[in-house]
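S.K.: For the protein sequence lines, the chains are A and B, in the order given.
Numbers 14 to 195, taken from the numbering used here, label the letters of the first sequence in order.
Numbers 81 to 291, taken from the numbering used here, label the letters of the second sequence in order.
Beta carbons are placed, not taken as given, at the ideal position from N, Cα and C, and that holds for glycine.
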Amino acid sequence: MKERDIEWAALMRAARAGDGAAYDRCLREIAQALRPLVRRGLQRAGGNPAELEDVVQEILIAVHLKRHTWDETRPIAPWIAGIARYKIIDVLRRRGYRTNLPIDDFAEVLPAESKDETASGRDVERSLEALPEGQRKVVRAIAVEGTSIADTARKFGMTEGAVRVALHRGLGALAKRHREDL
Amino acid sequence: MKTEELIRALAADREPSGPRPGVFLAFAAAAGLVISVALFVGFVGLRPDLMSSASLPLMLKPVEMGLLVAASAVALVRLASPGAPLGRTVIVAALVPAIVLVALAVELTVVPRSEWLVRLAGVHWYVCVINMVVLSLPMLAALLFALRHGAPTRPALAGAGAGLLSGALSASLYILHCPDDSPIFVSAWFTLAIAIATGIGAIAGYRFLRW
């Protein structure tokens, strides 16, 4: 448990220093660890297990958008677990389920039964359709087609700065959309 | 969207996500305090005998409010981030009502019963309460704004923390005006004013701090 915390913290620090590959790996490992946690939370409340991946994605977006609230002098696992617990309860409440349930910390959950990494949530078009055209095409190019920022800029005749801003705003809008209709 | 795709997009987003919650909260508190001080100077003013009187009960007020400001400030920064335990801030904050109660007990034994109600009423207790609540509002609004950029996992509690801090800051400011030093007065009306600010904060937090 402790080792995992140290590893995640190191990855997140590297990510803060601008290491995109470390951040990518950090988020993948967090997603992997979140699945059993979220599954248990949904099960206990009688939620729909099919929503698992949607909830994991919502937590990942929250981790990303709120990453400045992690204090590097504190362990990172309780920080992630705190976000996960908040988001799981939030989803359940919006669905009208009972929410006075204990949600586990990572410490209480068995190591991730590794599920296929490619599990998908809502389909792409549904998640992206609410975004304004400019943000939608940028998010789709980078997320789905795996285009780099520079190539995306070239493709749409935008500056790299404009691509970055569109991506950032698009992700914020995606989080908002999750919140409103998940 | 596949989770893998989402992660790719998140990793590509290098726009900074925001300032540290403690830093943002400190700026917000300072900005709110400037407005509260301006209102205080413009509409309330200092008590005339501020420099000349130095009784023990007068000295007690800044000690109590200072402790409360410190404890609630630390607690609020922790409430702004997920997974940060409140720890000893609760104990330090709880010291304040303890001191207030001890001072009240001493006052009640020293002062004759016939004086109690006079001291409770003070010069104008209701003006004190109203002023303290009003002076807390600019700081409360600023702190709630800053909290929205944090990630409070207990929105009502975080809002209450913001209310407690702004109430304690407002009361600290109001000490400079309030002519009533009796622990009877302080234990009733300072407590009421800070409780109202805390309650407003809790309700506002519940309504506005979801993310």
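(1) For the region 21 to 67 of chain A, list the alpha helix (DSSP H) runs that are entirely contained and at least 4 residues long, ordered along the chain.
(2) If I follow the unbroken alpha helix (DSSP H) through arginine 193 of chain B, where does it start and stop?
(3) So, does the CB of threonine 169 of chain B fall closer than 7 Å to a CB anywhere in chain A?
(4) I want to see whether chain B comes within less than 7 Å of glutamine 70 of chain A, judged by CB atoms only; does it?
(5) Can you list, in chain order, the residues of its chain with a C-beta nearer than 6 Å to that of leucine 123 of chain A? Leave out the 5 residues immediately preceding and following it.
(6) Does the beta-carbon of methionine 212 of chain B have 16 or more other beta-carbons within 10 angstroms, so that it is buried, or is it exposed?
(7) At a cut of 8 Å, does the region 221 to 233 of chain B reach the region 173 to 188 of chain B through at least three beta carbon pairs?
(8) Closer than 8 Å is the cut-off here; do at least three beta carbon pairs connect the region 97 to 116 of chain B with the region 234 to 254 of chain B?
(9) Within 10 Å of its beta-carbon, does glycine 122 of chain B have 16 or more other beta-carbons around it, so buried, or fewer, so exposed?
(10) Quick one, which of A/Val68, A/Gly31, A/Ala35 and A/Gly33 has its alpha-carbon nearest proline 49 of chain A's?
(11) Rounded to whole angstroms, what is the Cα-Cα separation between alanine 92 of chain B and alanine 282 of chain B?
(12) What distance in whole Å lies between the Cβ atoms of lysine 168 of chain A and alanine 179 of chain A, which are believed to be in contact at a cut-off of 8 Å?
(13) Taking a Cβ distance cut-off of 8 Å, strictly less, list which residues of the region 140 to 159 of chain A are near chain B, in chain order.
(14) Please list the partners that leucine 90 of chain B has in chain A, where partner means a Cβ-to-Cβ separation under 8 Å.
(15) Does the count of Cβ pairs from the region 92 to 105 of chain A and the region 82 to 96 of chain B closer than 8 Å reach three?
(16) Show which residues of chain B have a CB atom less than 9 Å away from the CB atom of glutamate 20 of chain A.
(17) Give the interface partners of alanine 151 of chain B over in chain A, defined as CB-CB distance under 8 Å, in chain order.
(18) Give a yes or no on whether 7 Å exceeds the smallest Cβ distance from proline 315 of chain B to chain A.
(19) Is the CB-CB distance between methionine 81 of chain B and serine 140 of chain A below 7 Å?
(20) Alpha carbons only, please: which of B/Glu84, B/Cys258 and B/Phe288 is nearest the one belonging to proline 142 of chain B?
(21) Starting from arginine 100 of chain B, find everything on chain A with Cβ-Cβ shorter than 9 Å and list it in chain order.
(22) For histidine 77 of chain A, tell me which candidate among B/Ser116, B/Ile210, B/Gly98 and B/Phe288 has the shortest Cα-Cα distance.
(23) May I have the straight-line CA-CA distance separating arginine 290 of chain B from glycine 239 of chain B, to the nearest angstrom?
(24) If you follow the alpha helix (DSSP H) that tryptophan 92 of chain A is part of, which residue opens it and which one closes it?
(25) Please identify the residue among A/His181, A/Leu55, A/Arg38 and A/Arg17 whose C-alpha is closest to the C-alpha of proline 145 of chain A.
(26) Would isoleucine 43 of chain A pass as an interface residue toward chain B - the criterion being a Cβ-Cβ separation below 7 Å?
(27) What number of angstroms, rounded off, separates the C-alpha of glutamate 130 of chain A from the C-alpha of glutamate 84 of chain B?
(28) Counting only C-beta atoms, is glutamate 173 of chain A closer than 7 Å to chain B at any point?
(29) With a threshold of 7 Å between beta-carbons, can aspartate 261 of chain B be considered close to chain A, or not?
M.R.: The structure says:
(1) 33 to 58
(2) 193 to 201
(3) Interface flag for threonine 169 of chain B against chain A is unset, since no Cβ pair is found closer than 7 Å.
(4) yes
(5) With a pLDDT of 48 at leucine 123 of chain A, under the threshold of 50, the modelled position of that residue is not reliable, and no figure is offered here.
(6) buried
(7) no
(8) Yes: the two stretches touch, three or more of their Cβ pairs being nearer than 8 Å.
(9) exposed
(10) Across the set A/Val68, A/Gly31, A/Ala35 and A/Gly33, the C-alpha of A/Val68 shows the shortest separation from the C-alpha of proline 49 of chain A.
(11) 37 Å
(12) So it is not a contact: roughly 12 Å between Cβ atoms.
(13) Ser140, Leu141, Val152, Ile155, Ala156, Val157 and Gly159
(14) Chain A residues near leucine 90 of chain B: Tyr36, Leu40, Leu73, Ile74, His77 and Leu184.
(15) no
(16) Correct list: empty, because the minimum Cβ distance to chain B is about 17 Å.
(17) Neighbours of alanine 151 of chain B on chain A: none; closest Cβ ~19 Å, over 8 Å.
(18) The requested residue 315 of chain B does not occur in the structure, where chain B is confined to residues 81 to 291.
(19) yes
(20) B/Cys258
(21) His81, Thr82 and Asp84
(22) B/Gly98
(23) 11 Å
(24) 90 to 108
(25) A/His181
(26) No, no contact with chain B.
(27) Because the pLDDT at glutamate 130 of chain A is just 45, under 50, the model does not fix this residue reliably, and the value given afterwards should be weighed accordingly. Each residue's Cα considered, the two are about 7 Å apart.
(28) no
(29) no
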